[in-house]
Structures are given as C-alpha cells and as structure tokens.
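*Asks:* Same order as they appear, the protein sequences are chains A and B. Here our numbering is used: position 109 in the first sequence is 109, and no number is missing along the way. Here our numbering is used: position 10 in the second sequence is 10, and no number is missing along the way. For every residue, glycine included, the Cβ atom is placed at its ideal position computed from N, Cα and C. Please read all numbers here as calculations on a predicted model, not as lab measurements. One structure, as structure tokens, below. Some questions next.
Protein chains: 2
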Amino acid sequence: MSTAAAKTEIQMLIDTYRQAVSAKDVDTIMSFYDESIVAFDAIQALQFVGKAAYHQHWQACMQMCPGPHMFEFQAPTITAGEDVAFAHWLAQCGGTNEQGEMQSCWMRASAGYRRINGQWRIVHEHWSAPFDPASGAALFDLKP
Amino acid sequence: MSTAAAKTEIQMLIDTYRQAVSAKDVDTIMSFYDESIVAFDAIQALQFVGKAAYHQHWQACMQMCPGPHMFEFQAPTITAGEDVAFAHWLAQCGGTNEQGEMQSCWMRASAGYRRINGQWRIVHEHWSAPFDPASGAALFDLKP
Numbered sequence: 001m002s003t004a005a006a007k008t009e010i011q012m013l014i015d016t017y018r019q020a021v022s023a024k025d026v027d028t029i030m031s032f033y034d035e036s037i038v039a040f041d042a043i044q045a046l047q048f049v050g051k052a053a054y055h056q057h058w059q060a061c062m063q064m065c066p067g068p069h070m071f072e073f074q075a076p077t078i079t080a081g082e083d084v085a086f087a088h089w090l091a092q093c094g095g096t097n098e099q100g101e102m103q104s105c106w107m108r109a110s111a112g113y114r115r116i117n118g119q120w121r122i123v124h125e126h127w128s129a130p131f132d133p134a135s136g137a138a139l140f141d142l143k144p
Numbered sequence: 001m002s003t004a005a006a007k008t009e010i011q012m013l014i015d016t017y018r019q020a021v022s023a024k025d026v027d028t029i030m031s032f033y034d035e036s037i038v039a040f041d042a043i044q045a046l047q048f049v050g051k052a053a054y055h056q057h058w059q060a061c062m063q064m065c066p067g068p069h070m071f072e073f074q075a076p077t078i079t080a081g082e083d084v085a086f087a088h089w090l091a092q093c094g095g096t097n098e099q100g101e102m103q104s105c106w107m108r109a110s111a112g113y114r115r116i117n118g119q120w121r122i123v124h125e126h127w128s129a130p131f132d133p134a135s136g137a138a139l140f141d142l143k144p
C-alpha cells in the first residue's frame, strides 16, 4: 500500500468516526478501535486502557450529553507509512445546555493507527483542552 | 530499517528528550523537532505551529519554573513503522513552589515521529491533563 493510499484510508476513517460520534452510535465508534486501545480522553481519568474500559466511558459520555450535539473537525494533518500512521486536528465540540442553547468549545485531538489484517485501527487516541497554569481552569474560550 | 530497530531509536529519542527537559536545555529540546512541528501543549494555547512558535513557548515555560523540577516518564508505548512512528506515555511533572516544596502531578503525552534523512524527528506532540466536566478544573490529583 502506498502512503498516499494509506492517507486516503485514514482520512475516510476519521470522517466515518466523526459521523458515528455525531450520530451517537457507540457500537460504530467502538468498531474503529483495536483491542489494545489506550485512550487519553479530555475528561475524568488519566487513561482508559483496553476496549471494554473505553466503551464504558463512551457510553457515559453520550448519557452526559443527551441533546443534539456538535462535533466538527478542521482538516486533519495525517502522517502515514505502510502500516503505521498518526493524525491530529482541532475539533469544535458542543452540546445543548438545560436552556436548549448550543454551547461549544475547541478541543485538540491526536490519534495513532495500525493496519491490522488489512484494516486500519485506532490504537491510541488523545483528546484535550489546554488549561491556564495560573488558575488550573480548562480554557474553553480559545479559537483557532 | 526494521521496526524493532526503529522502536529502539524512538526509545532513545524519548530518553534524551526527557533528559534535555530535566536539564532545562531548550536548544537540545528544539533539536528533536521538525520545522513542521504542530504541538498541542498542556497550557495556554490550542496549538503552537512551527518551530519558532514552539521555541518561544518552551523558553516561557522554563522561565515560569525557575527552580529544580521533576520530569519522570512511565515506560512509553511505541508503535513504529520504517519511517513513521508514534508513542504515548504518562509523565510525572513537577516543580518547586515559593516555599521550596516539590509539587507534582501526572500528565499524558503523545508524540508523532517521521524519519527524515535518516534521523527521527518529532513532527507532532500533545501534552495534557484531563479536566472535570462539572467544574472545568484540570485534574491534578489523578494517579496511574
């Protein structure tokens, strides 16, 4: 597989991942991860190790945001070899508050991929917001 | 280059990077980055694009923590192809406060690498602490 073809496949994986999160389709989201996934998510824990732990976390996240939500990505930067690839992008994430208003912020995402039996799988994921070192508060007002 | 050899080289790069940060040697730290570096650092900004911007940020970080500091890594998980690799690890980071006491917390790190002209270079880096979604406060008390 050429690295150009690999890049195209990773771009498609990121697109379908984004659509699955927008649709709150946890089963489809989980289908992109390898069993060995180690995820550094933006909230609550240092890490989620393995698919079962991350599945539970995704389900909890979807319950936390019951209304319509926003999950838009800037164009990812993809670096791909034949069987190993990684990507990073900024994402605008949001949800509806109790007044039904959409509130959103920009987050950072990085992902590591391996091609296993001909299929690209996410083996590592890192989502975060930066924080203010003076106050310790996450910075939700930053814009690209 | 075999992927086992690539893994060994990435491990060495991470070791020397850790030592350079511990020694507050910004010139050596900068030597590991490619010009195209896009860094998602734990503090202050969504991203630092390019070596000049990230250099300035590293210098500001070192001025922010003038005393002795702590920068210890758990064993990184490294996924390496021939010319593309990525790694992730947990790190214990700390510094001395105004009373001269060491205060530390656990952070998450991910990095993406490319082998360019026979040398591995960091092209992407992501450091963060997770936050509490209820309060928006970064979580500095979590332990692996």
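From the DSSP output, in three-state form, read off B/Ala20 for me.
*Replies:* For this step, residue 20 of chain B is matched to residue 20 along the second sequence. DSSP places B/Ala20 in helix when its eight states are reduced to three.
*Asks:* Residue range of the alpha helix (DSSP H) that A/Cys61 falls in?
*Replies:* Within the first sequence, numbered from 1, the residue matching residue 61 of chain A stands at position 61. Start and end: 51-64.
*Asks:* What is the DSSP secondary structure of A/Ser31, counted as helix, strand or coil?
*Replies:* Position 31 of the first sequence, counted from the first residue, corresponds to residue 31 of chain A. Correct three-state label for A/Ser31: helix.
*Asks:* Need the endpoints of the beta strand (DSSP E) that A/Gly95 sits in, please.
*Replies:* Here residue 95 of chain A corresponds to residue number 95 of the first sequence, with the count starting at 1. Start and end: 84-96.
*Asks:* I want to see whether chain B comes within less than 8 Å of A/Gln196, judged by CB atoms only; does it?
*Replies:* Chain A is shown from 1 up to 144; residue 196 of chain A falls before or after that span and cannot be answered.
*Asks:* By Cβ distance below 6 Å, which residues in the same chain neighbour A/Thr8 in space, the five residues on each side in sequence not counted?
*Replies:* Indexing the first sequence from 1 puts residue 8 of chain A at position 8. Here the set comprises nothing.
*Asks:* Which residues bound the beta strand (DSSP E) around B/Phe71?
*Replies:* As a position in the second sequence, residue 71 of chain B is number 71, starting the count at 1. Start and end: 69-73.
*Asks:* Comparing the C-beta of A/Ile116 with each C-beta of chain B, is any distance below 8 Å?
*Replies:* Position 116 of the first sequence, counted from the start, is the residue given in the question as residue 116 of chain A. With 8 Å as the cut-off, A/Ile116 does not count as an interface residue toward chain B.
*Asks:* Would you mind stating whether A/Ile10 and A/Ile78 have Cβ atoms separated by less than 8 Å?
*Replies:* Translated into positions along the first sequence, residue 10 of chain A becomes position 10. Translated into positions along the first sequence, residue 78 of chain A becomes position 78. Their beta carbons are under 8 Å apart, which means A/Ile10 touches A/Ile78 by this criterion.
*Asks:* DSSP state of B/Glu9, grouped into three classes?
*Replies:* Working through the second sequence from its first residue, we reach residue 9 of chain B at position 9. Helix at B/Glu9.
*Asks:* Please classify B/Gly67: is it buried, with 16 or more other beta-carbons within 10 angstroms of its beta-carbon, or exposed?
*Replies:* In the second sequence, residue 67 of chain B corresponds to position 67, counting from 1. Classification for B/Gly67: exposed.
*Asks:* Starting from A/Gly112, trace the beta strand (DSSP E) in both directions and tell me its first and last residue.
*Replies:* In the first sequence, counting from the first residue as 1, residue 112 of chain A sits at position 112. A/Gly112 -> beta strand (DSSP E) spans 102-116.
*Asks:* Hey, is B/Gly95's beta-carbon within less than 8 Å of any beta-carbon in chain A?
*Replies:* Locating residue 95 of chain B in the second sequence gives position 95, where the first residue counts as 1. With 8 Å as the cut-off, B/Gly95 does not count as an interface residue toward chain A.
*Asks:* Three or more C-beta pairs under 8 Å: does that hold for the stretch 37-49 of chain A against the stretch 123-135 of chain A?
*Replies:* Judged by Cβ distances under 8 Å, the stretch 37-49 of chain A makes contact with the stretch 123-135 of chain A, as three or more pairs qualify.
*Asks:* What is the residue span of the beta strand (DSSP E) that A/Ser128 lies within?
*Replies:* The residue labelled residue 128 of chain A in the question sits at position 128 within the first sequence. Unbroken beta strand (DSSP E) run through A/Ser128: 119-128.
*Asks:* Determine the chain A residues that contact B/Ile43 at a beta-carbon separation under 9 Å, and present them in chain order.
*Replies:* As a working mapping, residue 43 of chain B is identified with position 43 in the second sequence. Within 9 Å Cβ-Cβ: Pro130, Phe131, Asp132, Pro133, Leu139.
*Asks:* Would you mind telling me which residues of chain A sit closer than 9 Å to B/Pro66, beta carbon to beta carbon, in chain order?
*Replies:* To locate residue 66 of chain B, count along the second sequence from 1; it is residue 66. Residues of chain A passing the Cβ test: none, with the nearest at roughly 14 Å.
*Asks:* Which two residues bound the contiguous beta strand (DSSP E) that contains A/Ala45?
*Replies:* Here residue 45 of chain A refers to the residue found at position 45 of the first sequence. First-last for A/Ala45: undefined, no H or E at that position.
*Asks:* Using a Cβ-Cβ cutoff of less than 7 Å, which residues in the same chain neighbour B/Gln47 once the five nearest sequence positions on both sides are dropped?
*Replies:* Walking along the second sequence from the start, residue 47 of chain B turns up at place 47. Contacts found: Val38, Ala39, Phe40.
*Asks:* What residue does the beta strand (DSSP E) around A/Ala137 start on, and which one ends it?
*Replies:* Residue mapping note: residue 137 of chain A aligns to position 137 of the first sequence, counting from 1. It is not in any beta strand (DSSP E) - A/Ala137 carries neither H nor E in the DSSP assignment.
*Asks:* When the cut-off is 8 Å and only beta carbons count, does A/Ser182 lie next to chain B?
*Replies:* No statement about residue 182 of chain A is possible, as the shown extent of chain A runs from 1 to 144 and does not include it.
*Asks:* Under 8 Å between the Cβ atoms of B/Ala87 and B/Ala111?
*Replies:* Translated into positions along the second sequence, residue 87 of chain B becomes position 87. Translated into positions along the second sequence, residue 111 of chain B becomes position 111. Result yes, Cβ atoms of B/Ala87 and B/Ala111 sit closer than 8 Å.
*Asks:* Of the residues B/Cys93, B/Trp120, B/Asp27, which one's Cα is nearest the Cα of B/Ala52?
*Replies:* As a working note, residue 52 of chain B is residue 52 in the second sequence. Nearest C-alpha to B/Ala52: B/Asp27.
*Asks:* How many Å lie between B/Ala4 and A/Phe73 at the Cα?
*Replies:* Numbered from 1 along the second sequence, position 4 holds the residue referred to as residue 4 of chain B. Numbered from 1 along the first sequence, position 73 holds the residue referred to as residue 73 of chain A. Taking the straight line from one Cα to the other gives about 34 Å.
*Asks:* Name the chain B residues whose beta carbon is nearer than 8 Å to that of A/Glu82?
*Replies:* As a working note, residue 82 of chain A is residue 82 in the first sequence. By Cβ distance, chain B contributes Gly81, Glu82.
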